[in-house]
Amino acid sequence: MEKDQLFSLLDDFKIETPSWGYADTGTRFGKFLQPTAAVTIDQKLADAGTVHRYTGCCPTVAVHVLWDFSMGVDATATAQVASRNGVRIGAINPNLFQDQVYKFGSVASPDERAQAHAHRHVNDSIHIAKAVGSKLLSLWFADGTNYPGQDDIVTRKQRMHGALRQWHDAMPDDMTMLVEYKPFEPAFYHTDIADWGMAYIFAREAGPNAKVLVDSGHHYQSQNIEQIVAWLLDEQMLGGFHFNDRKYADDDLTLGSIDPYAVFRIFHEIRTAAEWRNSDVSQIAYMVDQSHNLKPKIEAMIQTVTTAQEMFAKACLVDRDKLRDAQSRMDIVDAESCLRDAFFTDVRPLLAEWRKRRNLDPDPLVAYRAGGYAQRIAREREAARAASGGGSGSAYA
Ligand code: AFD
Ligand code: MN
Ligand code: MN
């Protein structure tokens, strides 16, 4: 592949960062607070704007409605804050799992109050999306049960079908619904949207503007994620990704920190669909979904973003003419070598040149660290916490 062709593909490769990735989060065993952690949506958008300023490929920010839009606050004001930070609001994520009424689920719950609460919240979320110019309604449900017999699986399925159809039809025609799946957690026995097949059926049944969201951390260890991606691409049902990595379960490690080759193979399937089948891959929403427990949040976000660029660039370099020839000769080693040669190509010098041509520092992480942003916001946010009477969170500090 010619350098300019690669650079053009890199120009189009945009990755959305999540507002929640800049705030303090933890596990059910506790939270380790960071002095630079964002609290307000203004701080989250400032952090996201900083990541975009150094990487040049993160112009949009996914938001979580309950955490980022206080009731009664004009959503367009938040869109203006985003714009002042050089970014735009991206996917709108309703929160259908935190309120007490969701104890037995949201729309799949047998509790009609929960269903009504969820409908009100998603309709509010659609209004917010319209107000901020977002084209993506990204739905993840914690809905499920903890014990066999707790509720009827198919009755819950039907409740979910009804809600998704209703919300799909409530969206403007230029909005896309993303249906995300997750095999378990927080439900311990069954999750109502547990795998790609269920998400596919729910999206297909909801309507033409619904597609599947693949969260890379939401698969069992043995699952072949790139096969799922290839199938969804061929069915024109791949809406986008939540990028993260995991060694065992769920999704809070920086992308590629455990298995970068798996990330490369996902991008290889996307490039193959584009090059061999002329699939339109331009609308795939590449989004990060990770909430770094221990790493400094902005540094971890820059790591994930630059790793995604690196794996994508490697996948672009696969010699697919040579690959097709090797496959036609059923030469396994030659065919596999086409992928391995690309994967083991060090694309960092190419990425550095791509950045320099766009007046970006060749190494975003080094530039970010030298820029002093972390030190400044730590002082400002500590002062804000002190002024509001918020302590450090430790009994021994
Ligand atoms: C959690 C869920 C899911 C969802 C994300 C944002 O597992 O991935 O997309 O929160 O709501 O990670
Ligand atoms: Mn996710
Ligand atoms: Mn997750």
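Numbering (my numbering), first residue to last: 3 to 399.
Here a beta-carbon is modelled for each residue, glycine too, at the ideal position from N, C-alpha and C.
8 Å Cβ cutoff met for alanine 93 and alanine 302:
Position 91 of the sequence shown, counted from the start, is the residue given in the question as residue 93. Position 300 of the sequence shown, counted from the start, is the residue given in the question as residue 302. Their beta carbons are not under 8 Å apart, which means alanine 93 does not touch alanine 302 by this criterion.
Could you pull the start and end residues of the beta strand (DSSP E) that threonine 1 belongs to?
Here the chain covers residues 3 to 399 and nothing more, so residue 1 does not appear.
Three-pair Cβ contact test at 8 Å for the region 200–208 versus the region 244–258:
Contact between the region 200–208 and the region 244–258 is absent, because fewer than three Cβ pairs lie under 8 Å.
Within 10 angstroms of its Cβ, does valine 75 collect 16 or more other Cβ (buried), or is it exposed?
As a working note, residue 75 is residue 73 in the sequence shown. Burial call: exposed.
Return the CA-CA distance between tryptophan 169 and tryptophan 233, expressed in angstroms with no decimal places.
Mapped onto the sequence shown, residue 169 falls at position 167. Mapped onto the sequence shown, residue 233 falls at position 231. So the two alpha carbons sit approximately 25 Å from each other.
Whole angstroms is fine: what's the gap from threonine 52's alpha carbon to aspartate 327's?
Locating residue 52 in the sequence shown gives position 50, counting from the first residue. Locating residue 327 in the sequence shown gives position 325, counting from the first residue. Computed Cα separation, rounded: 45 Å.
Cβ-based burial, alanine 212 [other Cβ within 10 Å; buried from 16]:
Taking the first residue of the sequence shown as position 1, residue 212 is located at position 210. The residue is buried, with at least 16 neighbouring Cβ atoms inside 10 Å.
Would you kindly report the start and end of the unbroken beta strand (DSSP E) that includes aspartate 217?
As a working note, residue 217 is residue 215 in the sequence shown. Its beta strand (DSSP E) spans residues 212–217.
Considering only residues of the same chain and omitting the five flanking positions on each side of leucine 11, which have a CB-CB separation below 7 Å?
Walking along the sequence shown from the start, residue 11 turns up at place 9. Setting aside the 5 residues that flank it on each side, leucine 11 is surrounded in the same chain by Cys318, each with a C-beta closer than 7 Å to its C-beta; the list follows chain order.
If proline 174 and lysine 132 are in contact, beta carbons under 8 Å, what's the gap, nearest whole angstrom?
As a first step, residue 174 is located in the sequence shown; it is residue number 172 there, counting from the start. As a first step, residue 132 is located in the sequence shown; it is residue number 130 there, counting from the start. With 8 Å as the limit, proline 174 and lysine 132 qualify as a contact, their Cβ atoms being about 6 Å apart.
May I ask you to report which of helix, strand or coil DSSP gives glycine 391?
If you number the sequence shown from 1, residue 391 lands on position 389. Glycine 391: coil per DSSP, three-state reduction.
Among Gly151, Ser72 and Gly146, which residue has its Cα nearest to the Cα of serine 127?
As a working mapping, residue 127 is identified with position 125 in the sequence shown. Looking at the Cα atoms, Ser72 is the closest of the given residues.
Ligand 3 heavy atom lying under 7 Å from the CB of aspartate 171
Mapped onto the sequence shown, residue 171 falls at position 169. Every heavy atom of ligand 3 is 7 Å or more from the Cβ of aspartate 171, so no.
What residue from Asn97, Ser330 and Ala315 has the CA that sits closest to phenylalanine 345's CA?
In the sequence shown, the residue the question calls residue 345 occupies position 343. In terms of Cα proximity to phenylalanine 345, the closest of Asn97, Ser330 and Ala315 is Ala315.
So, proline 366 versus tyrosine 56, is the Cβ gap smaller than 8 Å?
The count along the sequence shown starts at 1 and reaches residue 366 at position 364. The count along the sequence shown starts at 1 and reaches residue 56 at position 54. Yes, these two residues count as a Cβ contact at 8 Å.
Between serine 284 and glutamate 312, what straight-line distance do the alpha-carbon atoms span, to the nearest angstrom?
Position 282 of the sequence shown, counting from 1, holds the residue named residue 284. Position 310 of the sequence shown, counting from 1, holds the residue named residue 312. Cα-Cα distance, rounded: 18 Å.
Alanine 399 burial status per 10 Å Cβ neighbour count (16 or more: buried):
If you number the sequence shown from 1, residue 399 lands on position 397. Note that alanine 399 scores a pLDDT of 44, beneath 50, so its modelled location is shaky; the value from the coordinates is reported in the next line. Sixteen is the threshold: since fewer than 16 other Cβ atoms of the shown chains lie within 10 Å of the Cβ of alanine 399, the residue is exposed.
With 16 other CB atoms within 10 Å as the buried threshold, where does serine 140 fall?
Taking the first residue of the sequence shown as position 1, residue 140 is located at position 138. Of the other Cβ atoms in all chains shown, 16 or more fall within 10 Å of the Cβ of serine 140; this residue is therefore buried.
Starting from glycine 373, trace the alpha helix (DSSP H) in both directions and tell me its first and last residue.
The count along the sequence shown starts at 1 and reaches residue 373 at position 371. Glycine 373 -> alpha helix (DSSP H) spans 366–373.
Using the Cα positions of arginine 158 and glycine 88, report the straight-line distance between them to the nearest angstrom.
In the sequence shown, the residue the question calls residue 158 occupies position 156. In the sequence shown, the residue the question calls residue 88 occupies position 86. Approximately 42 Å, taken between the alpha carbons.
So, are the CB atoms of leucine 353 and serine 281 less than 8 Å apart?
Numbered from its first residue, the sequence shown carries residue 353 at position 351. Numbered from its first residue, the sequence shown carries residue 281 at position 279. Cβ atoms of leucine 353 and serine 281: not closer than 8 Å.
Can you find the residues in the same chain that come closer than 8 Å, C-beta to C-beta, to aspartate 253, ignoring five residues on each side of it along the sequence?
Numbered from 1 along the sequence shown, position 251 holds the residue referred to as residue 253. Excluding sequence positions up to five before and after aspartate 253, its CB lies within less than 8 Å of the CB of Asp217, Ser218, Gly219, His220, His244, Asn246, Asp247, Asp291 and Gln292, all in the same chain and listed in chain order.
Enumerate in chain order the residues of its own chain whose CB-to-CB distance from phenylalanine 9 is below 6 Å, with the five nearest sequence positions on each side excluded.
The residue given as residue 9 occupies position 7 in the sequence shown. Cβ contact annotation for phenylalanine 9 (same chain, cutoff 6 Å, sequence separation greater than five): Trp356, in chain order.
Considering only the alpha carbon of each residue, which of Asp261, Ala50 and Thr147 lies closest to histidine 192?
As a working mapping, residue 192 is identified with position 190 in the sequence shown. The residue among Asp261, Ala50 and Thr147 with its C-alpha nearest the C-alpha of histidine 192 is Thr147.
CB-CB length for valine 214 against alanine 205, believed under 8 Å:
Start at 1 with the first residue of the sequence shown, and residue 214 comes out as number 212. Start at 1 with the first residue of the sequence shown, and residue 205 comes out as number 203. That belief holds up - the Cβ atoms of valine 214 and alanine 205 are roughly 5 Å apart, short of 8 Å.
Per DSSP, cross-strand counterpart(s) of methionine 289:
Here residue 289 corresponds to residue number 287 of the sequence shown, with the count starting at 1. Residue pairing by DSSP puts methionine 289 in a beta bridge opposite Glu18 and His244.
Just how far apart, CA to CA, sit alanine 50 and threonine 19?
Stepping through the sequence shown from its first residue, residue 50 is reached at position 48. Stepping through the sequence shown from its first residue, residue 19 is reached at position 17. So the alpha carbons of these two residues sit roughly 7 Å apart.
Hey, which unbroken runs of the alpha helix (DSSP H) at 4 residues or more fall wholly within the region 312–342?
Taking 4 residues as the minimum length, the alpha helix (DSSP H) runs contained wholly in the region 312–342 are 322–330, in order along the chain.
Just to confirm the assignment: which complete alpha helix (DSSP H) runs, minimum length 4, are found wholly within the region 114–160?
Residue ranges of uninterrupted alpha helix (DSSP H) with 4 or more members, entirely inside the region 114–160 and ordered along the chain, are 114–134.
What separation, rounded to the nearest whole angstrom, lies between the Cα atoms of glutamate 382 and arginine 273?
Translated into positions along the sequence shown, residue 382 becomes position 380. Translated into positions along the sequence shown, residue 273 becomes position 271. Whole-angstrom Cα-Cα distance: 44 Å.
Minimum length 4: unbroken alpha helix (DSSP H) runs contained in the region 27–74
Fully contained in the region 27–74 are the following alpha helix (DSSP H) runs of length 4 or more, in chain order: 43–57 and 67–70.
Can you tell me whether DSSP reads isoleucine 203 as helix, strand or coil?
Working through the sequence shown from its first residue, we reach residue 203 at position 201. Isoleucine 203 falls in the helix class under three-state DSSP.
Use the C-beta contact count for methionine 332: other C-beta atoms within 10 angstroms, 16 or more gives buried, fewer gives exposed.
Along the sequence shown, read from residue 1 onward, the residue named residue 332 stands at position 330. So methionine 332 counts as exposed.
Taking a contact to mean a Cβ-Cβ separation below 8 Å, would you say asparagine 361 touches glycine 28 in this structure?
On the sequence shown, position 359 is the one that residue 361 refers to. On the sequence shown, position 26 is the one that residue 28 refers to. Result no, Cβ atoms of asparagine 361 and glycine 28 do not sit closer than 8 Å.
Quick check on tryptophan 278: buried or exposed, where buried means 16 or more other Cβ atoms within 10 Å of its Cβ?
Here residue 278 refers to the residue found at position 276 of the sequence shown. Burial call: exposed.
Examine ligand 1 and report whether any of its heavy atoms sits within less than 7 Å of the Cβ of asparagine 87.
Walking along the sequence shown from the start, residue 87 turns up at place 85. No, Cβ of asparagine 87 sits at least 7 Å from all heavy atoms of ligand 1.
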